[in-house]
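Residue numbers (my numbering): 5 to 213. Cβ atoms here follow ideal geometry from the backbone N, Cα and C, with glycine treated the same way. The structure under discussion appears below in the form of structure tokens.
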């Protein structure tokens with residue numbers, strides 16, 4: 005059993021402090037883990053989608069780290085966290101050190117809402133994105149990620165076939181890896197300007213120029 009033990013409580017759950025998921029990631033194979041985070045909102049995807057995604061992840065047998073607030077744990081299928089704990093196939097955490105997770109060699113994909121910070125962090129860590137925009141400029145960000153930069157794919161739902169095909173299409177794509185590398189170099193090369201801008205428009209200008 006990994007060193008990050010669960011704390012004892014009435015419900016079986018994972019220890020959720022700071023970098024608790026990192027030791028678990030150390031036990032996983034390279035590029036084998038799906039990292040899932042939808043930003044700082046209180047689960048913007050809603051109850052039905054929480055359950056659908058949970059069911060798909062369990063059926064796929066893909067190792068994962070899922071950032072999901074405590075208030076939305078009740079929407080997980082019954083016994084879900086206990087089954088994860090018993091199998092050690094995944095982690096549901098309230099918070100994760102995102103840049104450290106994305107930098108980790110075990111992480112192969114990032115399922116994201118396409119928020120500004122998450123997009124830039126994914127690029128800087130060279131992680132292909134499975135895009136599920138929810139509101140506002142996330143849709144424009146998603147279009148850039150998928151259509152202009154070709155460093156991710158858009159998901160329309162969380163069904164098993166769609167998620168599986170999305171993961172297969174981006175992992176091991178040499179062209180996509182090359183574009184991520186180029187974007188990363190641009191981002192890091194003018195970090196101050198990118199960070200100060202707070203939007204992908206400046207990032208796009210940097211890439212095009």
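Where residue i falls: helix, strand or coil (DSSP)
i           : result
residue 29  : helix
residue 149 : helix
residue 143 : helix
residue 46  : Residue confidence is low: residue 46 scores 47 on pLDDT, short of 50, so the model does not pin down where it sits. Its coordinate-derived value is still stated next. Coil, per DSSP.
residue 57  : helix
residue 38  : strand
residue 3   : Outside the modelled stretch of the chain, which goes from 5 to 213, sits residue 3, for which no answer is possible.
residue 175 : coil
residue 113 : strand
residue 134 : strand
residue 99  : coil
residue 170 : helix
residue 88  : helix
residue 122 : helix
residue 1   : A query on residue 1 cannot be resolved here, the shown segment of the chain reaching from 5 to 213 and no further.
residue 160 : coil
residue 24  : coil
Among the options, nearest to residue i - alpha-carbon criterion
i           : options            : result
residue 155 : 54, 178, 166       : 178
residue 150 : 161, 162, 137      : 137
residue 163 : 57, 23, 43         : 57
residue 129 : 189, 66, 31, 167   : 189
residue 186 : 131, 157, 166, 26  : 131
residue 121 : 91, 32, 176, 103   : 103
residue 74  : 99, 87, 146        : 99
residue 113 : 147, 181, 62       : 181
residue 107 : 86, 126, 116       : 126
residue 171 : 36, 23, 32         : 36
residue 144 : 90, 124, 119       : 119
residue 59  : 165, 140, 141, 152 : 165
residue 157 : 85, 142, 174       : 174
residue 153 : 84, 87, 124        : 124
residue 146 : 135, 169, 61       : 135
Rounded distance between the beta-carbons of residue j and residue i, thought under 8 Å
i           : j           : result
residue 69  : residue 94  : 7 Å
residue 109 : residue 34  : 5 Å
residue 105 : residue 111 : 6 Å
residue 29  : residue 167 : So it is not a contact: roughly 20 Å between Cβ atoms.
Residues bridged to residue i [DSSP beta-bridge criterion]
i           : result
residue 180 : Its beta-bridge partners do not exist; DSSP assigns none.
residue 94  : 68
Should the segment 71-86 be regarded as contacting the segment 49-57, the criterion being three or more beta carbon pairs within less than 8 Å?
-> Taking one beta carbon from each stretch, the segment 71-86 and the segment 49-57 have 3 or more pairs nearer than 8 Å; the two touch.
Evaluate contact between the segment 60-75 and the segment 29-45, counting only Cβ atoms and requiring at least three cross-stretch pairs below 8 Å.
-> Yes, since at least three Cβ pairs between the segment 60-75 and the segment 29-45 fall closer than 8 Å, the two stretches touch.
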